[in-house]
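*Asks:*
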Amino acid sequence: MNAFKRDKKEEEEGSGNPFQNIEKTTVLQETRIFNDCPVDSRKCTHILTKILYLLNQGEQLGTTEATETFFAITKLFQSQDVILRRMMYLGIKELSTIAEDVIIVTSSLTKDMTGKEDLYRAAAIRALCSITDVSMLQAIERYMKQAIVDRNSGVSSAALVSSLHLTKIAGDVVKRWVNEAQEAVNSDSVMVQYHALGVLYHIRKSDRLAVNKLVAKLTRMSLKSPYAVCMLIRIAYKLLEEEDSSGGASSYSTLFDFIESCLRHKSEMVIYEAAHAIVNLRRTTSVELAPAVSVLQLFCSSPKPTLRFAAVRTLNKVAMSHPAAVTACNLDLENLITDSNRSIATLAITTLLKTGAESSVDR
Amino acid sequence: MEGLLLEPTLYTVKGMAILDNDGNRILAKYYDKNVFATAKEQKTFEKNLFNKTHRANAEIIMLDGLTCVYRSNVDLFFYVMGSSHENELILMSVLNCLYDAVSQILRKNVEKRVVFDNLDIVMLAMDEICDGGIIMEADSSAVVQRVALRTDDIPLGEQTVAQVLQSAKEQLKWSLLK
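These protein sequence lines map, in sequence, to chains A and B.
To convert a position in the first sequence, counted from 1, into the working numbering, add 2.
To convert a position in the second sequence, counted from 1, into the working numbering, add 262.
If you want it as structure tokens, here you go:
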């Protein structure tokens with residue numbers, strides 16, 4: 003309590019930003035104490051925070067500076083302080099692109115990733131994947147596969163997301179992890195399910211048949227995660243568009259029905275994604291459009307500015323292709339002209355210009 | 263109407279920022295190398311964004327081809343940026359998570375000064391929310407749990423007897439000292 007009061011006072015005196023006057027060279031000098039044994043974890047955390055703050059402010063480090071700092075950080079592995087360890091991972095990630103020979107921490111990180119402390123494991127995986135290059139990937143592959151199906155959702159998510167990042171440097175590797183990703187889709191965790199779907203789609207996206215199968219399976223099992231459902235709607239939308247252009251219409255109605263059923267989802271995020279997809283489909287008839295437009299119309303009178311913005315932005319687009327469908331919303335749109343958010347007001351006006359009739363000009 | 267919907271991908275967030283009440287950066291992260299490649303471009307954008315948003319508390323704005331959702335408190339401004347075709351509600355859920363997580367970390371004192379006192383934890387929280395543009399976690403309590411906050415108020419059920427006694431002693435001490 004006292005400490006808090008003191009802080010308040012200092013603030014009133016206008017001391018402002020305690021990190022304002024730190025100098026790169028001084029901070030880098032301070033990293034010398036990282037070599038001390040035993041490690042003073044509070045002090046080291048503070049110095050590490052300063053380094054990360056500088057980097058975040060856009061300060062550039064040269065290769066030698068970065069490498070020296072990186073090696074200094076590696077000395078801190080002897081400490082068991084949770085926060086310090088986590089800050090080290092952050093530092094490793096930040097410096098991994100600038101410093102040289104970063105792979106020397108591979109074994110330390112692998113140890114943390116397979117260790118007992120859950121708080122370390124997820125973060126260690128992400129740090130490890132940021133320093134890994136193609137040649138090292140083989141060595142950690144086994145652990146990655148295990149991590150993807152780990153019971154701890156944080157660990158599993160971290161592994162899935164990291165493997166997606168890895169596809170940038172090693173496109174093919176992640177394809178071998180498809181079974182694990184498939185298992186993770188069934189996870190109870192909302193985020194794991196979402197990440198797993200993202201990885202699965204990435205692996206399969208060039209094979210249309212496989213994507214079709216994936217979507218058919220997932221639409222039936224009703225995913226728990228609203229994020230995953232949004233993603234699934236996007237995939238379904240893409241399939242519909244492709245099918246349309248290739249002339250086939252085999253699964254058109256099932257896919258469309260799935261998107262339409264999402265209009266009745268309990269999450270607003272999903273409802274909006276579905277409505278957005280329906281109005282953007284090239285082939286939609288005005289009958290198919292109607293439920294999506296009425297959902298958007300409802301959103302127009304929501305107290306949440308973001309929801310109103312999303313709705314009016316989408317209606318604005320529909321007004322270009324199907325002006326008649328939007329006329330029903332004219333009254334709601336007129337109310338938005340005076341909206342306190344200027345983007346919403348502007349979008350409402352331009353939409354009305356496309357749909358408005360003479361009768362509404364007077365109002 | 264082609265190309266209006268995004269390619270299905272997990273890469274959703276283009277950037278996250280916490281600015282102070284002068285529009286200066288406290289922390290910011292950009293995840294897409296194609297948007298604002300240099301620190302200078304980023305800061306110009308932030309200034310611009312701040313000028314457009316600090317008075318109007320309107321929650322959402324389109325700027326430089328990005329959809330930005332924002333929220334402010336006393337002397338702090340929180341922003342989440344995404345592509346202009348992105349589902350705004352998804353971005354909003356990330357912003358809410360960022361704000362709520364920071365608020366819990368600072369124990370409801372969402373102020374610049376307190377952010378600087380806990381800068382390390384706030385950095386960790388941002389890292390837990392978004393990894394390279396992918397939403398890692400959108401549940402603020404899960405984020406707070408993962409950043410290993412130096413906490414004295416662990417839920418009662420998870421404390422050991424010794425810890426409970428200790429905190430009871432502390433509370434008694436403080437109430438006597440008042």
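Using N, Cα and C, we set each Cβ at its ideal position, and we do this for glycine too.
Among A:ASN318, A:ALA321, A:GLU270, which one has its Cα closest to the Cα of VAL297 of chain A?
*Replies:* The residue with the shortest Cα to Cα distance from VAL297 of chain A is A:GLU270.
*Asks:* Residues in its own chain within less than 8 Å of ASP334 of chain A by CB, not counting five upstream and five downstream?
*Replies:* GLN299, CYS302, SER303
*Asks:* For MET223 of chain A, report the span of its alpha helix (DSSP H) as first-last.
*Replies:* 210-223
*Asks:* When you compare the region 193-204 of chain A with the region 308-315 of chain B, are there three or more beta-carbon pairs, one atom per stretch, that lie closer than 8 Å?
*Replies:* By the C-beta criterion, the region 193-204 of chain A is judged not to be in contact with the region 308-315 of chain B, since fewer than 3 inter-stretch pairs fall below 8 Å.
*Asks:* Please state the DSSP three-state secondary structure of PHE21 of chain A.
*Replies:* coil
*Asks:* Evaluate GLU185 of chain A with the Cβ neighbour count: other Cβ atoms within 10 Å of its Cβ, from every protein chain shown; 16 or more gives buried, anything less gives exposed.
*Replies:* That one is exposed.
*Asks:* Please specify which runs of the alpha helix (DSSP H), each continuous and at least 4 residues long, are wholly inside the region 383-412 of chain B, giving them in chain order.
*Replies:* 402-408
*Asks:* Is there a Cβ of chain B sitting closer than 8 Å to that of ALA101 of chain A, yes or no?
*Replies:* no
*Asks:* Nearest by alpha-carbon distance to THR221 of chain A: which of A:LYS207, A:SER189, A:PHE258 is it?
*Replies:* A:PHE258
*Asks:* In chain A, what lies closer than 8 Å to LYS305 of chain B by C-beta?
*Replies:* GLY60
*Asks:* Any beta carbon from chain B within less than 8 Å of THR353 of chain A's own beta carbon?
*Replies:* Answer no: the Cβ-Cβ gap between THR353 of chain A and chain B never drops below 8 Å.
*Asks:* Quick one, are the C-beta atoms of LEU168 of chain A and VAL175 of chain A less than 8 Å apart?
*Replies:* yes
*Asks:* What's the C-alpha gap between ALA149 of chain A and ILE273 of chain A?
*Replies:* 33 Å
*Asks:* Look at the alpha carbon of ASN283 of chain B and the alpha carbon of LEU338 of chain B, and state the distance between them as a whole number of angstroms.
*Replies:* 6 Å
*Asks:* Could you tell me whether any Cβ in chain A is nearer than 8 Å to the Cβ of ILE397 of chain B?
*Replies:* yes
*Asks:* Pull the bridge partners of PHE340 of chain B from the DSSP assignment, please.
*Replies:* B:ILE280, B:ARG333
*Asks:* Against LEU166 of chain A, what residues of chain B qualify as contacts under a CB-to-CB distance less than 8 Å, listed in chain order?
*Replies:* Close partners of LEU166 of chain A in chain B (Cβ separation under 8 Å): LEU272, ILE396.
*Asks:* Excluding sequence positions up to five away, which residues of its chain have a Cβ less than 8 Å from the Cβ of VAL406 of chain B?
*Replies:* ALA363, GLN366, ILE367, ALA387
*Asks:* Run the CB neighbour count on ALA46 of chain A, radius 10 Å, all protein chains shown included, and call it buried at 16 or more, exposed below.
*Replies:* In the sequence as presented, Ala is not what sits at residue 46 of chain A; that position holds Cys. That one is buried.
*Asks:* Which residue or residues does DSSP assign as beta-bridge partners of MET324 of chain B?
*Replies:* Answer is B:THR329.
*Asks:* Provide the residue(s) that pair with SER233 of chain B in DSSP beta bridges, ordered along the chain.
*Replies:* Chain B is shown only over 263 to 440; residue 233 of chain B falls outside these bounds and no answer can be derived.
*Asks:* Just to confirm, are VAL41 of chain A and GLN80 of chain A a CB contact at a threshold of 8 Å?
*Replies:* yes
*Asks:* Entirely within the region 100-158 of chain A and at least 4 residues each: give me those alpha helix (DSSP H) ranges in chain order.
*Replies:* 108-116, 120-133, 136-150
*Asks:* Tell me which same chain residues have a C-beta within less than 7 Å of the C-beta of LYS26 of chain A, skipping the five on either side of it?
*Replies:* LEU56, GLU61
*Asks:* Only counting the same chain, and skipping five residues up and downstream in sequence, which positions put a Cβ closer than 7 Å to that of TYR254 of chain A?
*Replies:* LEU242, GLU245
*Asks:* Using beta carbons (cut-off 8 Å, strictly below), is ALA387 of chain B in contact with chain A?
*Replies:* no
*Asks:* Candidates A:ASN332, A:THR76, A:ASN23: which alpha carbon is nearest ILE35 of chain A's?
*Replies:* When only C-alpha atoms are compared, the closest one is A:THR76.
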